[in-house]
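Novice: Numbering (this note's numbering), first residue to last: 554 to 751.
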């Protein structure tokens, strides 16, 4: 309600905004890297942290053709029924979109070392031998990433190497040290996980 008693109005002035809130639009921000997986018609699941136990489901009805420069995201419109009128204009909700990636390999996020231009993992060959391997990643898949090339099903990768390698210089040092013999003394094994089919 923009009108108040005694105000002067012209034909260009809006006095009230009247809307039917029984159906609403949710405008979700999708990162441009995830955009190839988003399509009109796919179902979205929504939840609001301030309304625990409640959820909504609705289709994607529009994907904005432009990317927002500062956030590198694209607005995706989801339409849904607003039973009980619990969703109000300008509220925030969490939206989940699930896409079928088919069958393939994935690795945990903690196993991947990003050196800037390359993505690496350390492959465990047993008996303390680790091989740095460059891999090519696809989209995020759950708690990890889809592997497009560089690993085979069943190969084991170190999952806690990231905290040791925090820059390109330390990465080069670690890679050159892979061939050096290990110092004597007690050592505990590095946590590992197999690359596996999803």
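Virtual Cβ for every residue (Gly too), placed ideally from N, Cα, C.
Would a C-beta distance cut-off of 8 Å place residue 665 and residue 708 closer than the cut-off?
Specialist: The count along the chain shown starts at 1 and reaches residue 665 at position 112. The count along the chain shown starts at 1 and reaches residue 708 at position 155. It is not a contact, given that the beta carbons lie outside the stated cut-off.
Novice: Consult DSSP for residue 638 and reduce its assignment to one of helix, strand or coil.
Specialist: Here residue 638 is taken as the residue at index 85 of the chain shown, counted from 1. Helix at residue 638.
Novice: Indicate whether the contact test is met: 3 or more Cβ pairs, each with one atom in the segment 566-574 and one in the segment 588-602, closer than 8 Å.
Specialist: Not touching, per the Cβ criterion.
Novice: What residue range does the beta strand (DSSP E) around residue 658 cover?
Specialist: Reading the chain shown from its first residue, position 105 is the one you call residue 658. Unbroken beta strand (DSSP E) run through residue 658: 658-661.
Novice: Nearest by alpha-carbon distance to residue 601: which of 562, 629, 576 and 643 is it?
Specialist: Counting from 1 along the chain shown, the entry for residue 601 is found at position 48. Among 562, 629, 576 and 643, the Cα nearest to that of residue 601 belongs to 643.
Novice: Quick check on this structure: which residue in 628, 621 and 672 has the alpha carbon closest to the alpha carbon of residue 614?
Specialist: The residue labelled residue 614 in the question sits at position 61 within the chain shown. With distances taken between Cα atoms, residue 614 lies closest to 628.
Novice: With residue 598 as the anchor, note down where its beta strand (DSSP E) starts and where it stops.
Specialist: Numbered from 1 along the chain shown, position 45 holds the residue referred to as residue 598. It spans 596-600 - the beta strand (DSSP E) in which residue 598 sits, taken as one unbroken run.
Novice: The beta strand (DSSP E) that contains residue 688, what's its start and end?
Specialist: In the chain shown, residue 688 corresponds to position 135, counting from 1. Start and end: 682-694.
Novice: Which residue marks the beginning of the beta strand (DSSP E) containing residue 577, and which one marks its end?
Specialist: Stepping through the chain shown from its first residue, residue 577 is reached at position 24. Taken as a continuous stretch (DSSP letters only), the beta strand (DSSP E) holding residue 577 covers 576-584.
Novice: Closest to residue 630 by CA distance: which of 646, 638, 636 and 623 is it?
Specialist: Working through the chain shown from its first residue, we reach residue 630 at position 77. The residue with the shortest Cα to Cα distance from residue 630 is 646.
Novice: Can you say whether residue 705 is buried or exposed, counting buried as having 16 or more other CB atoms within 10 angstroms of its CB?
Specialist: In the chain shown, the residue the question calls residue 705 occupies position 152. The residue in question, residue 705, is exposed, as its Cβ has fewer than 16 Cβ neighbours within 10 Å.
Novice: Run through DSSP, which three-state label would residue 589 get?
Specialist: Taking the chain shown and counting its residues from 1, one reaches residue 589 at position 36. Helix at residue 589.
Novice: Tell me the residue span of the beta strand (DSSP E) that contains residue 701.
Specialist: Mapped onto the chain shown, residue 701 falls at position 148. Residue 701 -> beta strand (DSSP E) spans 697-702.
Novice: What are the residues that DSSP puts in a beta bridge with residue 668?
Specialist: Position 115 of the chain shown holds residue 668. Paired residues: none, contrary to the question.
Novice: Leaving aside the five residues before and after residue 617 along the sequence, list all residues of the same chain whose C-beta is less than 6 Å from its C-beta, in chain order.
Specialist: The residue given as residue 617 occupies position 64 in the chain shown. 627 and 628.
Novice: Drop a sphere of 10 angstroms on the beta-carbon of residue 701, count the other beta-carbons inside from all chains shown, and report buried for 16 or more, exposed for fewer.
Specialist: Position 148 of the chain shown, counting from 1, holds the residue named residue 701. Exposed is the call here.
Novice: Rounded to whole angstroms, what's the CA-CA distance from residue 660 to residue 622? Just pull it up for me.
Specialist: Counted from its first residue, the chain shown places residue 660 at position 107. Counted from its first residue, the chain shown places residue 622 at position 69. Approximately 30 Å, taken between the alpha carbons.
Novice: From which residue to which residue does the beta strand (DSSP E) around residue 615 run?
Specialist: Here the question's residue 615 lines up with position 62 in the chain shown. Note, residue 615: beta strand (DSSP E), 608-616.
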